[in-house]
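Protein chains: 2
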Amino acid sequence: MKLLLIEDEKDLREPLASYLKSQGYSVDTAADGREGHYRGMEYNYDVAVVDIGLPIMDGIEIITQWRRSDRNFPILILTARGNWQDKVSGLGAGGDDYLVKPFHNEELNARLQALTRRACGHAKAEIETGPYQLDTLQKRLNLHHQMVELTQFEYNLVQYLILHTDKVVSKTELTEHLYEQDFDKDSNVIEVLIGRIRKKVDPTGQYKPIITQRGQGYLWRTQYA
Amino acid sequence: MKLLLIEDEKDLREPLASYLKSQGYSVDTAADGREGHYRGMEYNYDVAVVDIGLPIMDGIEIITQWRRSDRNFPILILTARGNWQDKVSGLGAGGDDYLVKPFHNEELNARLQALTRRACGHAKAEIETGPYQLDTLQKRLNLHHQMVELTQFEYNLVQYLILHTDKVVSKTELTEHLYEQDFDKDSNVIEVLIGRIRKKVDPTGQYKPIITQRGQGYLWRTQYA
DNA sequence: GCTATGGTTCAGATAAGTTTGAGTATAGTG
DNA sequence: CACTATACTCAAACTTATCTGAACCATAGC
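Sequences listed follow chains A and B, in order.
Here this note's numbering = 1-based position in the first sequence + 338.
Here this note's numbering = 1-based position in the second sequence + 338.
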């Protein structure tokens, strides 16, 4: 999941960024409003975390502009304690959720999870496709309610596929959403990953949940268990 | 779908061309206005992407001339950020849509899809003919809402036929729209393709959606489900 | 500093998709 | 009805994307 964090205070931004990375997000950061706005216009994120009080360009302004240009990833707003007007105008401008500073990383994480899930049209934290259950809270995939051993990376890839069930996801899209911006274009990591995941996720080879669409990408197909 | 891309900046033109090819377009490129104009006069494209700021001959000029000569394929205009006058005069000259640089490939793609569809008189992304549904967004053909397994190439051919339902499409027209300019004239690829497609699309042999007009070409006939 | 784990790269193998060409069928024409 | 031109079919050849196993590298924990 690709995440954009716009926050001017270095002491908050950096630890937060590394926390989010540890939680499996691929994080881009921006320290001021202009840069943040630019990033959001330029790249496709799965979710953005935007502080309201920002130098150069205000958080509300950023969100307004994004929404006006049809950038429609979910946005979580950070506000200082007590500025409840900010929160209201932030949601009004097109924010999807807010969190008052100071906050616990875990809470932020939980809300982000919910946001990214809902953005793909899933209300519940547990998503069922055929014999599989994706538990987005615990970041686990189960097969017949038996936990499948996946590394975090592998899990992220699987989650992305499952959240986009029945849509063809190109390798480019996958690399873009799983890695930081620059990444060697002609590498076959994704292929290798997919190969390993297939073996782990479907050891008996009877479900074949990941379909290859030659020349286009991969798709997690609806399973009829 | 045959597409003409007129763009002088090599660093934009080449990656864009290869992206569009990966999306199933057959792309011709031109690096300056004169060449672009010539191409558009000479060949039949399904859609053109024209940068406004071009050496030798301006984009507006190209469009004006084309339209004056009744070249009526849809045109998408590329403008530099902020030059909204360009966009206005471009649309005035006969452009059908515009996109401000920099843009996301995906957005361009989506707009092109919409343009080519509308040019054939279809407003919606999903086109229904008898028992078949053509999903131009996902590039899939369904029969009774069951996905028909087609390769990208096969899909392109089917889409072309369906978009021109009830019109006879000659083999030459097909090769011209599916392949880059030069292609071995006396080849029977299309026949072979058609044969394969027929089997996949109508396995029971009861619908016969593709009719052969001997000596003229093929046509997808209106289906009465 | 060593070891284990997870991630990446490379190169050869495999499989999917496309094209070719020869042979067969069919429609249209005289 | 036979002849010709066009269309269809099949399998083999070719091309290219994807898969796979082994080696390699980075990092974290000990």
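Ideal Cβ placement from N, Cα and C applies to all residues, glycine included.
- Message: Alpha carbons only, please: which of A:K538, A:G555 and A:D349 is nearest the one belonging to P440 of chain A?
- Response: A:D349
- Assigned secondary structure, A386 of chain A (DSSP; H/G/I helix, E/B strand, else coil): strand
- Item | Same chain, Cβ closer than 7 angstroms to D389 of chain A, five either side skipped, listed in chain order | Sequence-distant partners of D389 of chain A (beyond 5 residues in either direction) whose C-beta falls short of 7 angstroms from its own C-beta, in its chain, are I344, E345, D346, G397 and L416.
- Query: Are L453 of chain A and L495 of chain A touching if we call contact CB-CB under 8 angstroms?
  - Reply: no
- Express the C-alpha separation of N447 of chain A and K359 of chain A in angstroms, rounding to a whole number. 11 angstroms
- Item | Anticipated Cβ contact below 8 angstroms, L342 of chain B with Y383 of chain B, distance rounded | Between L342 of chain B and Y383 of chain B, the beta carbon gap of about 5 angstroms places them in contact (Cβ cut-off 8 angstroms).
- Item | Close-in-space but distant-in-sequence residues of the same chain around A463 of chain B (CB under 6 angstroms, 5 per side omitted) | T474 and L475
- Quick one: what's got a C-beta closer than 7 angstroms to V365 of chain A's C-beta in the same chain, skipping five residues either side? Beyond the five residues adjoining it in sequence on each side, V365 of chain A comes within less than 7 angstroms, by CB distance, of L341, L343, A355, L358 and K359 in the same chain, given in chain order.
- Query: Which residues mark the beginning and the end of the alpha helix (DSSP H) in which L358 of chain B is found?
  - Reply: L358 of chain B -> alpha helix (DSSP H) spans K348 to S360.
- Task: Can you check the stretch 365-421 of chain A for any beta strand (DSSP E) of at least 3 residues that lies completely inside it and give the ranges in chain order?
- Result: Restricting attention to beta strand (DSSP E) runs no shorter than 3 residues, the stretch 365-421 of chain A encloses them at 385-389 and 413-418, ordered along the chain.
- Item | Extent of the continuous alpha helix (DSSP H) to which T454 of chain B belongs | N443 to A457
- Message: Just to check my reading of the structure: V486 of chain B and K538 of chain B have Cβ atoms closer than 8 angstroms, yes? What is that Cβ distance to the nearest angstrom?
- Response: 6 angstroms
- Task: Measuring alpha carbon to alpha carbon, tell me which of A:G555, A:E380, A:D408 and A:I528 ends up nearest T489 of chain B.
- Result: A:G555
- Task: Taking 8 angstroms as the cut-off, decide whether the C-beta atoms of G414 of chain B and L392 of chain B are in contact.
- Result: For the sequence presented, residue 414 of chain B should be read as Leu rather than Gly. Cβ atoms of L414 of chain B and L392 of chain B: not closer than 8 angstroms.
- Query: From which residue to which residue does the alpha helix (DSSP H) around K439 of chain A run?
  - Reply: Per DSSP, K439 of chain A lies in no alpha helix (DSSP H); the unbroken beta strand (DSSP E) holding it starts and ends at D435 to K439.
- Please compile the residues from chain B whose C-beta is within a distance smaller than 7 angstroms of the C-beta of I554 of chain A. Per the sequence presented here, residue 554 of chain A reads as Gln, with Ile not at that position. In chain order: Q490.
- Kindly indicate if chain B contains any beta-carbon less than 8 angstroms away from that of N494 of chain A. Answer no: the Cβ-Cβ gap between N494 of chain A and chain B never drops below 8 angstroms.
- Task: Return no unless some Cβ of chain B is closer than 8 angstroms to the Cβ of E380 of chain A.
- Result: yes
- Message: Let me check understanding here. Comparing Cα to Cα, which of B:H502, B:E352 and B:P412 lies closest to Q451 of chain B?
- Response: B:P412
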